[in-house]
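Just below is one structure, and these are the notes that go with it.
Quick look at the structure:
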C-alpha cells in the first residue's frame, strides 16, 4: 500500500522553536523542507512537524468508488487527515465557499496558498484521465497574493555557494497576511534598476504563495530617496566582483567564508557525499576553529581535532568521523554533484555519469561533446568545461582520491528483451511483485519506466485495479502487457 501526504510545520511550532533557537527559522515552509531533508533525525524531531494524508497511491485487494471513501479509509487506519473536505453539487456554492475560506485561512495554524478542487467519483476520474503532467479531474486554485506598501531601509548583499552576490531588501516592518515582513527579494541589480527601487523609497510588496515577499515596484512619495549602489567588492571578503549575465559573482572561492561554508554543506548533503550529521553549524565551526577551507581537509580530520570543538563529545565526534569514512564509497553521479559545479544539479550529474562512466572521461569532455548529453545546453556545458579547466580543482580532486574517496560508476546489467530501448508505464498491482521490483526488472531489461502515459509510451504493464493510465493507453492504442504475460516474460 502507498499512502500519500504532506509534511508541514505549524505556525505555533515555528514560533515556539524560534523563542530558543540560536538561528531563528525564516518561515514554516522552508523549516519543514529543511527538517525533512536533514540527515540528523534529532534536528528533524525538534521542528515538531505535522503531517496530513490525502490519497492512497495504490493498494492490493481493495478498490474505492470516491475520494471521500479514500479519506475515510485513511482515517480508519489512524493516519491524520486535515479536517476540511467538503462536497459541492454546483459551481456557485463552490465559488461562495472559496470566498469564505480566503478569510478563514488566516485563522489556521498553518500556511496555505490555495485549495485543491477534485471530482469525487473515481470512475469519472478514470474516464477523464491525465494530460502529460496533470490529472484532468483536479485543479489547484490559488488565493490572490496579498499586497501592501512599506519603506525600503537598506539593501544587503548575500554571497551564495557559487559566489553569486544577491541583493536582499531590508524593509520597515509591515504586517501582511498575519506575518511581519522585514525582508524582500530583489533578484539582481538589473531588477533594482528596472523597478526603480531606491533607498528610503516607498515600495509595493507582495507575499507570493504566502511565503517569499517580493518587491513589485515603487509608489509615489514625498520623502527623499537615495540610489542603491552596485557593489564592486565582495561584502564578505572584499574581493573584486565580476559580472556574468545579469548576476555578479565573487571569484574568491578559496577563502570567502559564506562560499566556503555553503560549499562544505553542499558537499556533505544527502544527494552528494551523504555525510550524516554534518550541518551548517558544523561547517562554520570547522572553518573558524580548524581553518578547514578545502574539501579534502574533511578527510584529514582526526579525533583530537574534533573533540575540542564546542558541542563535540566523544559520541558525536566518532559519529561524524565514521560518517566521513563511509562517504568515501560514493557513486560517480553523487561525487560530480558534490563538487558544486555551477548549473549542475543531481539530474545533470546523473546524465554525465551514465554517459561518460568515469570521472576521468567527464573531466576531459569538450563543450561540443557535452551538449550532446541529456538536456545539457551551451550554458551548462561551459560551466562544466570551465570548472575542470581550473588547476586548483584538479589538485583538490587528486587529493580527495588520494585520501580514499572512490567515485564508482555501477552500470546496471541489461539483458536484451522486448523492453530494450522502450518506454514503459506501470499501473495496477501484480501478485508477487512490488512496484519497485517491476520497475527494476524493466530497467534491467533495457527499458525506461515513465510515470505517465503519452504517445511516446511503448508498453503499459497492467495489473489488478489499474488506474486511469490503463484507459489512456487504450485510447492511444498503446500495447498492453497484462499480469499473465508479464509473468511469462519474467519466467
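In this note's numbering, the protein residues as written are 218 to 708. Note that beta-carbon positions come from the ideal geometry of N, C-alpha and C, so glycine has one too.
Status (buried if at least 16 other CB within 10 Å, exposed otherwise) for residue 226: Position 9 of the chain shown, counted from the start, is the residue given in the question as residue 226. Residue 226 comes out buried.
Please name the residue or residues paired with residue 646 in a DSSP beta bridge. Here residue 646 is taken as the residue at index 429 of the chain shown, counted from 1. Answer is 681, bridged to residue 646.
Could you give the uninterrupted runs of the beta strand (DSSP E) lying entirely in the stretch 457-507, keeping only those of 3 residues or more? The stretch 457-507 contains, as complete beta strand (DSSP E) runs of 3+ residues, the segments 459-461, 464-466 (chain order).
For residue 386: DSSP bridge partner residues: Mapped onto the chain shown, residue 386 falls at position 169. 372, 401, per the DSSP bridge assignment.
Are residue 424 and residue 363 closer than 8 Å when you measure CB to CB? The residue given as residue 424 occupies position 207 in the chain shown. The residue given as residue 363 occupies position 146 in the chain shown. Yes, they are a contact pair.
Taking only runs that begin and end inside the stretch 218-267, name each unbroken beta strand (DSSP E) of 3 or more residues, in chain order. Within the stretch 218-267, the complete beta strand (DSSP E) runs of at least 3 residues are 219-225.
Consult DSSP for residue 661 and reduce its assignment to one of helix, strand or coil. In the chain shown, the residue the question calls residue 661 occupies position 444. In this structure, DSSP gives residue 661 a helical state, which the three-state scheme calls helix.
If contacts are defined as beta-carbon pairs under 8 Å, then residue 512 and residue 617 qualify, I think. What distance do you get, rounded to the angstrom? Position 295 of the chain shown holds residue 512. Position 400 of the chain shown holds residue 617. Sure, about 7 Å apart at Cβ, within 8 Å.
Tell me the rounded alpha-carbon separation between residue 534 and residue 257. Position 317 of the chain shown holds residue 534. Position 40 of the chain shown holds residue 257. So the two alpha carbons sit approximately 14 Å from each other.
Alpha carbon to alpha carbon, how far is residue 278 from residue 661? Give it in angstroms, no decimals. Walking along the chain shown from the start, residue 661 turns up at place 444. Walking along the chain shown from the start, residue 278 turns up at place 61. Roughly 28 Å between the two C-alpha positions.
Could you tell me whether the Cβ of residue 430 comes closer than 8 Å to any Cβ of chain C? No chain C appears in this structure, which consists of one protein chain only.
Would you kindly report the start and end of the unbroken beta strand (DSSP E) that includes residue 623? Along the chain shown, one-based indexing puts residue 623 at 406. It spans 623-625 - the beta strand (DSSP E) in which residue 623 sits, taken as one unbroken run.
So what does residue 676 bridge to, in DSSP terms? Taking the chain shown and counting its residues from 1, one reaches residue 676 at position 459. According to DSSP, residue 676 shares a beta bridge with 641, 696.
Flag this pair as touching only if the stretch 414-424 and the stretch 344-361 have three or more C-beta atom pairs under 8 Å; answer yes or no. In short, these stretches do not touch, since the Cβ pair count stays below three.
So residue 459 and residue 468 are in contact, right, with Cβ under 8 Å, and what is the actual spacing, rounded? For the purposes of this step, residue 459 is taken as the residue at position 242 of the chain shown. For the purposes of this step, residue 468 is taken as the residue at position 251 of the chain shown. About 6 Å separates the beta carbon of residue 459 from that of residue 468, a gap short enough to meet the 8 Å contact definition.
Is it right to say residue 386 is buried, meaning 16 or more other beta carbons lie within 10 angstroms of its own, or is it exposed? The residue given as residue 386 occupies position 169 in the chain shown. For residue 386, the number of other beta carbons within 10 angstroms of its own is at least 16, and it is reported as buried.
At least three beta-carbon pairs within less than 8 Å, the stretch 405-418 to the stretch 473-480: No, the stretch 405-418 is not in contact with the stretch 473-480.
According to DSSP, is residue 338 helix, strand or coil? Locating residue 338 in the chain shown gives position 121, counting from the first residue. Strand at residue 338.
Going by Cα to Cα distance, which pick from 343, 621, 527 is closest to residue 692? Start at 1 with the first residue of the chain shown, and residue 692 comes out as number 475. Among 343, 621, 527, the Cα nearest to that of residue 692 belongs to 343.
Residues bridged to residue 352 (per DSSP): By one-based count along the chain shown, residue 352 stands at place 135. Beta-bridge pairing links residue 352 to 347.
Quick check on the DSSP output: what are the complete alpha helix (DSSP H) runs of length 4 or more inside the stretch 529-569, in order along the chain? 531-543, 549-555, all fully within the stretch 529-569.
Euclidean distance between Cα positions of residue 398 and residue 252: Within the chain shown, numbered from 1, the residue matching residue 398 stands at position 181. Within the chain shown, numbered from 1, the residue matching residue 252 stands at position 35. Roughly 23 Å separates the two Cα atoms.
What are the start and end residues of the alpha helix (DSSP H) that includes residue 582? Start at 1 with the first residue of the chain shown, and residue 582 comes out as number 365. Run containing residue 582: none; DSSP gives neither H nor E here.
Please classify residue 490: is it buried, with 16 or more other beta-carbons within 10 angstroms of its beta-carbon, or exposed? Position 273 of the chain shown holds residue 490. Classification of residue 490: buried, given that the 10 Å Cβ count is 16 or more.
Using the three-state DSSP reduction, which class does residue 290 fall into: helix, strand or coil? Within the chain shown, the letter at position 73 stands for residue 290. Three-state DSSP puts residue 290 in a helix.
For residue 680, count neighbouring C-beta atoms within 10 Å of its own C-beta (all shown protein chains included) and say buried if the count is 16 or more, exposed if not. Residue mapping note: residue 680 aligns to position 463 of the chain shown, counting from 1. Buried, by the Cβ-count rule.
Does residue 520 pass the burial test, meaning 16 or more other C-beta atoms within 10 Å, or should it be called exposed? One-based indexing of the chain shown puts residue 520 at position 303. Under this definition residue 520 is an exposed residue.
For residue 450: DSSP bridge partner residues: Translated into the one-based positions of the chain shown, residue 450 becomes position 233. Beta-bridge pairing links residue 450 to 457.
Buried or exposed (CB count within 10 angstroms, at least 16 for buried), residue 370: Position 153 of the chain shown, counted from the first residue, corresponds to residue 370. Residue burial annotation: residue 370 is exposed, with fewer than 16 other C-beta atoms found within 10 angstroms of its C-beta.
Compute the distance between the beta-carbons of residue 548 and residue 622, then report whether it is under 8 Å. Within the chain shown, the letter at position 331 stands for residue 548. Within the chain shown, the letter at position 405 stands for residue 622. Not a contact, by the Cβ cut-off of 8 Å.
On the criterion of 16 or more Cβ atoms from any shown chain inside 10 Å, does residue 685 qualify as buried, or is it exposed? Translated into the one-based positions of the chain shown, residue 685 becomes position 468. Classification for residue 685: buried.
Going by C-alpha distance, which of 687, 700, 531, 589 is nearest residue 347? On the chain shown, position 130 is the one that residue 347 refers to. With distances taken between Cα atoms, residue 347 lies closest to 687.
Is the CB-CB distance between residue 484 and residue 557 below 8 Å? One-based indexing of the chain shown puts residue 484 at position 267. One-based indexing of the chain shown puts residue 557 at position 340. Pairing residue 484 with residue 557 gives a Cβ-Cβ distance under 8 Å.
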